[in-house]
């Protein structure tokens, strides 16, 4: 039961897969071509959509009727299908490349913004460093002046023991104090400028962090950026290789699945053939297998299949042996019609098959109907008509009277 379910469901699964791949390929192709010819977008959508549908129908037609279609039409349809596959692939390439270019443009804009802000960050960072150096220098000057202010000098004084007295020059003291005051003002100015530069630096650093954290485009192209950095190859070249791989698989796979779906349905649900019997009733024709045909051939010709001296008999030879004529035509002769008329009247006039067979055989000999193989050897006439009356499945008369449902 489950085996039958699998057998019946698998063709539909293949068909669904073929439909999904074909539909997505058609959508991307039509969209890509409409963007390529944006001046007539609606008209291009109608044209490309009809071509995509025709391509799938043509692929199924070629599979179903490959042996029936004449060579010129078959060649044209094959070439047309191949060209349509190329057109579809071109549309898919246009769609995917446009999507990449859109994303890459956003990434370029974001990187340019980040680069501009980064320049400001570097500028204000240099200002902060310069003000830090200036403040450091001013502080060093103030420290030096303070030390000079505190230093003492020795002057000669006979009123003290030793004749030398340590004292501080009031003039130098005033000069040092003035310079210290000036340096203090300079340091305040430098600190104020540094604070302004530091605030600006912090603001732009935060903008850089915000761009990095909110940049979804960078996340989308992150794998490509990683591959580009790993291989040293530009992202444009990497994406071009990936697109070529995709288009060489996409639409050819869709066509292959369409053909595979036709094949699967033929195997899962084989067509039944019917023909009218002598009483006008539709009777199902069950074709003989090659093994059955082989057994019948051996029975008719008295050959043993395992005879070492016997040349291997192929399916084509069996068909030629049973149904070839000297004029290579299997149309029925007047004698054939006489035989069929007599058999059709068998139930009415009481004639027996053996009598009919003898009568028809005599008439066949009188009419001079010769049945031969393609190599010119004669084939037994009685064997031919027995096969004819037994309704061998590959007889041309059976095919002419056969209905397929």
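In the numbering used here, the protein residues as written are 879 to 1283.
Idealized CB from N, CA, C, for every residue including glycine.
This structure is a prediction, so every number in the text was calculated from the model and none was measured.
Item	Value
Residue 936, enclosing alpha helix (DSSP H) - first and last residue	919-942
Assigned secondary structure, residue 946 (DSSP; H/G/I helix, E/B strand, else coil)	coil
Start-to-end residues for the alpha helix (DSSP H) that takes in residue 1120	1113-1146
Simplified DSSP assignment, three categories, for residue 1066	helix
C-alpha gap between residue 1082 and residue 1074, whole angstroms	13 Å
Anticipated Cβ contact below 8 Å, residue 992 with residue 1089, distance rounded	5 Å
Spatially closest choice to residue 1019 from 1113, 1055, 982, by CA coordinates	1055
Among 914, 956, 945, the one whose alpha carbon lies nearest that of residue 934	956
Simplified DSSP assignment, three categories, for residue 887	helix
Proximal residues to residue 998 (C-beta, below 8 Å), its chain only, five neighbours per side dropped	1078, 1082
Exposure of residue 1101, with buried meaning 16 or more beta-carbon neighbours within 10 Å	exposed
Buried versus exposed call for residue 1249 [16 or more other C-beta atoms within 10 Å across all chains shown]	In this prediction, residue 1249 scores a pLDDT of 46, lower than 50, which makes its location untrustworthy; no coordinate-derived value is stated.
C-beta atoms of residue 893 and residue 1141 nearer than 9 Å	no
Sequence-distant residues of its chain with Cβ nearer than 7 Å to residue 1121 (five each side left out)	971, 974, 975
Assigned secondary structure, residue 1099 (DSSP; H/G/I helix, E/B strand, else coil)	coil
Where residue 1001 falls: helix, strand or coil (DSSP)	helix
Neighbourhood of residue 903 by C-beta distance below 7 Å, restricted to the same chain and skipping five residues each side	966, 970, 1128, 1129, 1132
Assigned exposure category for residue 1119 - 16 Cβ within 10 Å defines buried	exposed
Cβ-based neighbour list, residue 1016, same chain, cut-off 7 Å, excluding 5 preceding and 5 following	1061, 1064, 1065, 1068
CA nearest to the CA of residue 939, picked from 899, 926, 958, 927	958
Integer Cβ distance of residue 1072 from residue 1002, believed to fall under 8 Å	About 10 Å; that fails the 8 Å criterion.
Residue 1025 versus 1058, 1000, 1080, 906, residue with shortest Cα-Cα distance	1058
Secondary structure of residue 1149, DSSP reduced to three states	coil
C-alpha gap between residue 953 and residue 943, whole angstroms	13 Å
Alpha-carbon to alpha-carbon, residue 986 and residue 1080	24 Å
Neighbour-count burial assignment, residue 907, 16 or more Cβ in a 10 Å radius	buried
Backbone secondary structure at residue 969 - three-state DSSP	helix
Cutoff 6 Å; reference residue 922; Cβ partners in own chain excluding five residues on either side	911, 912, 915
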